[in-house]
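The structure under discussion appears below in the form of structure tokens.
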Amino acid sequence: MNRREGVMNQRNGNNGLSRRRFLATTVAASAALSAPAALGQGRPRVVVVGGGAGGATAARYIARDSKGAVDVTLVEPTRAYYSCFFSNLYIGGFREYASIGHSYGALAASHGINVVHDWAVSIDRDKRSVGLAGGGSLSYDRLVLSPGIDFKPGSVPGWDLSQQNRMPHAYKAGSQTQLLRAQIEAMPEGGVYCMVAPPNPFRCPPGPYERISMVAHVLKQANPTAKILIVDPKAKFSKQGLFEDGWQRHYAGMIERIGPDFGGDKVEVRPGAMEVVIDGEVTKVDACNVIPAQQAGRIAAVAGITNDAGWAPVVAHTMQSRADENIHVLGDASQQGDMPKSGFSANSQAKVCAMAVRGALTGSKVFAARFSNTCWSLIGTDDGVKVGASYEATDEKIAKTDGFISKTGETAEVRKATYKESLDWYAAISGDMFG
Amino acid sequence: MATPKPRIRLPKSVEAGVPFTVRTRITHPMHTGLRRDRDGELIPRRIVNRFTVRYNGEEAFSAALEPAVSTDPYIQFELSLPESGVLEFEWEDDDGSIYSLRREISVV
């Protein structure tokens, strides 16, 4: 593949087209070459690391709105993106797996973005360059990091990544999601599904509990005497009243949650024996979904811009790292204030970031930052709930201005409409990210 | 329905005569006898009607539960003990079942 050649050409300072050859696929290459090339060498360069809701949106908005005035490279190791949002609906049987998968083709073809399928492994902040696992490097005027989450080693004793096929996390969508669904389907009659829930803060606050709803939905039909055990280190969780009301209505007697008042914060797992030890008491389980404690995706720590908690603090107005004004951090990896770590949040932050980056590099107009987020969750068939808010940037943080949440006792029509709204949102954000 | 599962939470060791907190919970539907199922039939009453704690065989705490108590009854109370011994917990079901747990506790 000519990827390495491309890097060499760039290093050798060849003509302006050399950077354009820095592409991982020939489809992308031919498409990008048809974009206006005249701007060439002098264009400011933006490198975006991570092609999820933050990175893909930022890359697309910067490339699209600068109309070729900014050279945008997106570094993303996977060739197909499977969204974490809606992956629970696949587990519950409400979505086909293919429907949560997306291609980066249009970002290259329609917007001239250099899509590089590689891992960013090092960042030289003085030279402003990103090193890739494949051996190349990319220099930047602005770097956008949107690497999502990684798991904190040792947060659940007995579990590490080598056990993720026996006790999947399924908290980065893809093969893990498929594996978890297969394990749930393979549970013996009357078996136990256990989830070890994560401590705050973590990606998608209602996610574990929507997943519980979806697992219960599957088991209620296929294996109605099965039990669900949630081992939770948190005293409270997102949309708790709505979930517990829904679980009582749809799945009474099926779900038990052990909070910290009963030892949910003192858990150990034994993947070999398929056992979960809760404050010393051993429970045998048939499927076990371990969602460990989280921190910013590793490249943020490699860049040296994370705090002791493992997240990257940012300036709310522009999403710039507080440690380096040439680096912006989006989404789950950032520590920004009041917004939850969600795909919607990352997408919203990406637009603020894209505006700030274009303003800095091309002098385009920059407006006051506004953010919004909604987290929808599906509890049962056509039983959707949501929580959301609007936010503004202050010097201190992204600050919540007002919010809303579904209520218990809403009519079936309202719940169905909420679910429908989430489907429309999914279609919209997918288009917003990938074009 | 699945078998009710009782859980308790208390310190492993306590000081003599100093009150400590005991938390208990049992998974149980607590059918009031007044609700109807999907076919309109009354779901017969079935609740945990009595909860008892014995310390070295002698009753230390008990409670009578009524149909108004919610699903998965949670009971929290305090005990103070003079010396090490055995605590026995019993939940009595309307259907005659008894669910029990036993814990040794050391008093220092």
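Residue numbers (my numbering), protein chains in the order written: chain A, 1 to 435; chain B, 1001 to 1108. C-beta: ideal position from N, C-alpha, C; glycine also.
- Under the DSSP definition of a beta bridge, A:Tyr81 partners with A:His102.
- When DSSP states are grouped into helix, strand and coil, A:Glu421 belongs to the helix group.
- By the criterion of at least three beta-carbon pairs nearer than 8 angstroms, the stretch 110-123 of chain A is not in contact with the stretch 164-177 of chain A.
- For the stretch 223-253 of chain A, the residues whose beta carbon sits under 8 angstroms from a beta carbon of chain B are, in order, Thr225, Lys227, Gln248, Ala252, Gly253.
- Between B:Pro1029 and chain A, the shortest Cβ-Cβ separation is below 9 angstroms.
- Contact residues of the stretch 1017-1051 of chain B toward chain A are Arg1023, Arg1025, Thr1027, Pro1029 (C-beta to C-beta distance below 7 angstroms).
- In this structure, the beta-carbon distance from A:Phe434 to A:Ala56 falls below 9 angstroms.
- By DSSP's assignment, B:Arg1009 forms a beta bridge with B:Arg1023.
- Residues of chain A whose Cβ lies closer than 9 angstroms to the Cβ of B:Arg1102 do not exist, since the nearest Cβ in that chain is about 13 angstroms away.
- Annotation: the continuous beta strand (DSSP E) that includes A:Ala312 extends over 312-315.
- Separation of the CB atoms of A:Ala226 and A:Gly191 is rounded to 5 angstroms, and the pair is thereby assigned contact status at 8 angstroms.
- Secondary structure note for A:Met195: its beta strand (DSSP E) is the uninterrupted segment 192-196.
- Chain-order list of chain B residues neighbouring A:Gly263: Arg1009, by C-beta distance under 8 angstroms.
- Under the three-state reduction of DSSP, A:Val47 is assigned to strand.
- A:Asp71 counts as buried, since at least 16 other C-beta atoms from the protein chains shown sit within 10 angstroms of its C-beta.
- Counting only Cβ-Cβ distances below 8 angstroms, A:Glu256 has contacts in chain B at Lys1005, Thr1027, Asp1072, in chain order.
- A residue is called buried when at least 16 other Cβ atoms come within 10 angstroms of its Cβ; A:Pro153 does not meet this threshold and is exposed.
- Assignment of A:Glu185 by DSSP, reduced to helix, strand and coil, places it in the helix class.
- According to DSSP, residue pairing for A:Cys353 in a beta bridge does not occur.
- Rounded to whole angstroms, the separation of the alpha carbons of A:Arg358 and A:Ser364 is 6 angstroms.
- Counting the other Cβ atoms within 10 Å of the Cβ of B:Leu1034 gives fewer than 16, which makes it exposed.
- By the rule that beta-carbons nearer than 9 angstroms mark a contact, A:Asp383 does not touch chain B.
- Taking a cut-off of 8 angstroms on C-beta distances, the stretch 135-144 of chain A touches the stretch 42-49 of chain A, as three or more cross pairs fall below it.
- In the displayed model, A:Arg60 falls within a helix according to three-state DSSP.
- A:Gly388 is positioned such that its CB atom lies no closer than 9 angstroms to that of A:Ser377.
- The residue among B:Ser1062, B:Ile1043, B:Pro1073 with its C-alpha nearest the C-alpha of B:Leu1079 is B:Ser1062.
- Per DSSP, reduced to three states, the secondary structure at A:Glu244 is helical.
- Using a 10 angstroms sphere on the CB of A:Leu161, the tally of other CB atoms stays under 16, which defines it as exposed.
- Closest in alpha carbon position to A:Ala273, among A:Trp159, A:Ile299, A:Pro77, A:Asn307, is A:Trp159.
- With its beta carbon at least 9 angstroms from every one in chain B, A:Asp324 lies outside the interface.
- Note on A:Ser422: 16 or more other CB atoms within 10 angstroms of its CB, so buried under the neighbour-count rule.
- Residue-level contact by beta carbon holds for A:Asp279 and chain B, with a gap shorter than 9 angstroms.
- Around the C-beta of A:Thr411, fewer than 16 other C-beta atoms lie within 10 Å, and the residue is accordingly described as exposed.
- Assigned with DSSP and collapsed to three states, A:Glu396 falls in coil, not helix or strand.
- For B:Tyr1055, no alpha helix (DSSP H) segment is defined; the enclosing uninterrupted segment is the beta strand (DSSP E) at 1048-1055.
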